[in-house]
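Everything on this sheet refers to the single structure shown next.
Number of protein chains: 2
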Amino acid sequence: MISPIEQKVLDAIDLPGLLAFLDQMVAYPSLGGNESPIQRFLAEQMPAMGLTVDVWQLDFAALRQHPAFSIEIERTEGLGVVGQMGQGDGRSLIFNGHIDVVPMGDPANWHYPPWRATLDEGKVYGRGALDMKGGLCCGLFAAKAIHDAGVQLKGKLLIESVIGEEDGGVGTLATILRGYQADAAVIMEPTQLMIAPAQAGALNFRITVPGHSAHGALRSEGVSAIEKFIPLYQAIMTFEAQRNAGVSDPLFAAYPIPYPICVGTLQAGNWASTVAESLTFEGRFGVAVGEDVTAARRAFEAMIQQAAQADPWLRQHPPVMSWWGGQFEPASIPADHAIVTTVGSAFTAITGSAPTLQGMPYGADMRLLVNNGATPTLMFGPGDVRKAHQPDEYVPLHDLEVTARTLALTALRFCGVVE
Amino acid sequence: MISPIEQKVLDAIDLPGLLAFLDQMVAYPSLGGNESPIQRFLAEQMPAMGLTVDVWQLDFAALRQHPAFSIEIERTEGLGVVGQMGQGDGRSLIFNGHIDVVPMGDPANWHYPPWRATLDEGKVYGRGALDMKGGLCCGLFAAKAIHDAGVQLKGKLLIESVIGEEDGGVGTLATILRGYQADAAVIMEPTQLMIAPAQAGALNFRITVPGHSAHGALRSEGVSAIEKFIPLYQAIMTFEAQRNAGVSDPLFAAYPIPYPICVGTLQAGNWASTVAESLTFEGRFGVAVGEDVTAARRAFEAMIQQAAQADPWLRQHPPVMSWWGGQFEPASIPADHAIVTTVGSAFTAITGSAPTLQGMPYGADMRLLVNNGATPTLMFGPGDVRKAHQPDEYVPLHDLEVTARTLALTALRFCGVVE
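Structure, rendered in structure tokens:
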């Protein structure tokens, strides 16, 4: 299963070095908008890993023109960093990872230093250790092992360190506008070592329900926006149930609700004894793989409209709806695509187990590479996304090792080796 | 119906003077905590109206010891002002009015200057014109007319200008601790010229509903506090319906819901695509006339507890409830009390119409005078409380005139006249 050259490369994977490097990466508090220091650091480190480096300032004015441009944190500057190895005769491959992280939240909830990578009982803790400096580090150390083993790839391997994934994907979009494209890509987002050839879409929505204020002592003279929210919420839940009842995609069979609608925030009224004259709620609307986003939005809007029609007050005072923030299209590639089978066979060679193929329910940069970058992409990476954005975020050391080894083997097999 | 002495007093009521004085009163932005300038002004003006004046600094340390003490705006100082006339041989009577006003809100919503009293088509606009500088002004000008007509009251008439009604009633409580008590009192709150021998109670509550956060893409792994709010809200509405189904008090027959429960505010979650891990809502719980406040609170708590028991999650993670802010007891006096019949006959003498007796659904200082001040009290005053706390708050000129005249006649008849 594993050739001598492959074994040489696997033997060259420097796990202690990977951990030390991950610690250096986590030490950069690379929150959205503050990504340049770590990008410069990576660009400096890449040549020693056998990578030639392209570093450039993002052209936000140009990016803003692109239909897929999405940003929530305003930036005046940001760097693109792409490392490259391989002579360019075989198939090209991208390893993509974002280096922006979300805020650490209340430090009191952390039992480990958020801005260090701390190994404790097989888990590496730290903000971004999981999401997803760990995964990116695996890609870098896979390339480094190839280089250290003296092996040269036939096709090109590109390592993209991108900013702004958490707030819309501007960094990956910038690599596309820079001209980067490949025969396949792997994004090392946390998938618990599952291979994800599909990701669901997610559309943020906001709905404001009008009421009519009155003194609480005379509440029947007002109309409570809180009361009027309830039938809308129930209509949304019924809509979710209907949409999910028909899902037969085996990649999403593991999820109780493949494409959930989550109402996440709610705010109403301004005084305890005044009838609430307005209620605003926000949520995320899960879009199925293969579903047209525009059609999905229309169906959602029609459902809200219909629910409003059923209520005499809402019929006259319709809820006001908007789509804002993250508008993530779904994306998928064929489950028998060469990158899927290559990662799968590499995973089996490393672990002795068959790979699990599963769709991911969350949005990530995969949609940009697939839908805008003409690059068939899957997600495969260490750790469980449930720990992302949490205090004591962690990635299992075992997953880091399996990922680095699988990625190295994938690069060798997908790009080919100069004999 | 009206004696010559009474007619002399009624003829002495100076309506243009009242309007000019109301304008001066409205010009003081006497928001809670900023009441001393207008209190000093009134104390200066009272002697020319035939009133001897008691002005004192409130002793907040002593007030704080009283079980009925309630305050939402912290104050370092505040003035009590009570004017007095009459020789003290007959029945004593209090006219009570508060001079604190609520904030004007967004000035863009006003079509009249908020800090002037502007007469337009029979309505006097301005912050506090209705709630309740207008009513207090009527009391003052009733006294002034008695003085100007050269009539002397047998019993004592006390005019209490009090602070802090809007945030709990500290000013009226201070008059009680100062020793002021009378055979009856009239509070000139806006009742649309109805006589209110009863007021409902109101208790502010706050309930926090626990949930369990999860990524919105995996929402079935979390528990939405928003979802768990709905059965609690429905239980509250059922409880309200049950409590009001049995109300037979004719004083509250005019209200569709005599003792409403209003959920006024609601806040849940902190991110659109995260399952809300907590929801907090606030409201006011209407308490029936004659109902024991402690028993009412217990019934409410038991209902919430029972609703929580019906849900597997809430049974394990019960909602957290607290009583906060306004905790207003109900209050009432017999509908055939002498002050009720006296105001009623005076009203009929002035207007030619029978008075309407109606309970008021909102809390005011009446509870303090009745329950803590040993003074039988009703509310009777100009204008509609629905316009209170609103932009373009107004009081009808006609109501001011009827109130001033009815109060003058009430004082003459209740306190008696020195022949």
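Protein chains in written order, with this note's numbering: chain A, 1237 to 1655; chain B, 1237 to 1655.
The beta-carbon is built from N, C-alpha and C at its ideal position, and this holds for glycine as well.
Remember, it's a predicted structure, so these values are computed and weren't measured experimentally.
Is B/L1614 closer than 7 Å to B/A1432 when the C-beta atoms are compared? yes
Residues in its own chain within less than 7 Å of A/K1369 by CB, not counting five upstream and five downstream? L1258, M1261, V1262 and I1335
Short CB-CB distance (under 7 Å) between A/N1440 and chain B: yes
Give me whichever residues DSSP pairs with A/P1334 in a beta bridge. Strictly speaking, residue 1334 of chain A in this sequence is His, with Pro absent from that position. Answer by DSSP bridge pairing, in chain order: A/V1398.
I want to verify the contact list: residues of chain A whose CB lies under 7 Å from the CB of B/A1543, in sequence order. Here the premise fails: no neighbours, minimum Cβ distance about 15 Å.
Does any CB atom of chain B fall closer than 7 Å to the CB of A/T1510? Using a Cβ-Cβ cut-off of 7 Å, A/T1510 counts as an interface residue toward chain B, since at least one Cβ of chain B sits closer than that to its own.
Taking contact to mean at least 3 C-beta pairs separated by less than 8 Å, is the region 1488-1502 of chain B in contact with the region 1469-1476 of chain B? yes
Would you give the residue range spanned by the beta strand (DSSP E) that A/A1438 belongs to? First-last of the beta strand (DSSP E) with A/A1438: G1437 to P1446.
Using a C-beta to C-beta distance shorter than 7 Å, which residues of chain A count as neighbours of B/A1558? Per the sequence shown, the amino acid found at residue 1558 of chain B is Ser instead of Ala. Near B/S1558 there are no residues of chain A at all, since even the closest Cβ is about 12 Å away, more than 7 Å.
Which stretch, first to last residue, makes up the alpha helix (DSSP H) that contains B/G1580? A1574 to T1587
Ends of the beta strand (DSSP E) at B/F1305? Careful: B/F1305 lies outside any beta strand (DSSP E) and carries neither H nor E.
Please state whether the Cβ-Cβ distance between A/A1461 and A/S1514 is less than 7 Å. yes
B/E1527 to B/I1466, Cα distance in whole Å? The straight-line gap separating the alpha-carbon atoms of B/E1527 and B/I1466 is approximately 28 Å.
Please work out which residues of its chain come closer than 7 Å, Cβ to Cβ, to B/Q1293, disregarding the five sequence neighbours upstream and downstream, and give them in chain order. E1313 and L1315
Against chain B, with Cβ distances strictly below 7 Å, would A/G1505 count as a contact? yes
Excluding the 5 residues preceding and the 5 following A/A1304 in the sequence, name in chain order all residues of the same chain whose CB lies nearer than 7 Å to its CB. L1409, L1604 and N1608
For B/C1498, decide whether its Cβ has a neighbour in chain A, counting only Cβ atoms nearer than 7 Å. At least one chain A Cβ lies under 7 Å of B/C1498.
Would B/T1501 count as contacting chain A if we go by Cβ distances under 7 Å? So yes, B/T1501 belongs to the interface.
Report the residue ranges of all beta strand (DSSP E) runs contained in full by the region 1448-1525 of chain B; include only those spanning at least 3 residues, in chain order. 1497-1504 and 1514-1523
Collapsed DSSP secondary structure at A/A1647 in the structure displayed: Correct three-state label for A/A1647: helix.
Where A/Q1358 sits in the DSSP three-state scheme: In the sequence under discussion, the amino acid at residue 1358 of chain A is Gly, which differs from the Gln named in the question. It is coil, neither helix nor strand.
My output table needs one value for A/V1621: the three-state DSSP class, helix, strand or coil. Here DSSP, grouped into helix, strand and coil, assigns A/V1621 to helix.
Tell me, please, whether the CB atom of B/I1462 is closer than 7 Å to any CB atom in chain A? Cβ-Cβ to chain A under 7 Å: yes for B/I1462.
Measure the CB-CB distance between A/E1425 and A/A1600 and report whether it falls below 7 Å. yes
Which residues in chain B sit within 9 Å of A/E1518, going by Cβ to Cβ distance? Those are G1505, W1507, A1508 and S1509, listed as they occur along chain B.
What does a CB cutoff of less than 7 Å around B/V1523 pick up in its chain, not counting 5 residues either side in sequence? A1436, G1437, A1438, L1439, Y1495, V1529, A1532 and P1566
Closer than 7 Å to chain A by CB, B/A1453: yes
Have a look at A/T1646 and A/P1632 and give me their C-alpha separation to the nearest angstrom. 21 Å
Interface residues of chain B around A/G1561 at Cβ under 8 Å? A1508
Span of the alpha helix (DSSP H) around A/S1558: Here A/S1558 belongs to no alpha helix (DSSP H); instead the beta strand (DSSP E) covers V1556 to F1564.
Taking just the CA atoms, how far does B/W1351 sit from B/R1363? 6 Å
Partners in chain A for B/R1622, counting only beta-carbon separations shorter than 9 Å: Those within 9 Å of B/R1622 in chain A are A1450, H1451, L1454 and E1457.
Chain B contact for A/Y1598 (CB, 7 Å cutoff): yes
Could you give the C-beta distance for A/V1511 and A/A1450, rounded to a whole number, given that I count them as a contact under 8 Å? 5 Å
Could you check whether A/H1383 and A/G1319 sit closer than 7 Å to each other, using their CB atoms as the reference points? no
Should A/P1492 be flagged as near chain B, meaning a C-beta pair shorter than 7 Å? yes
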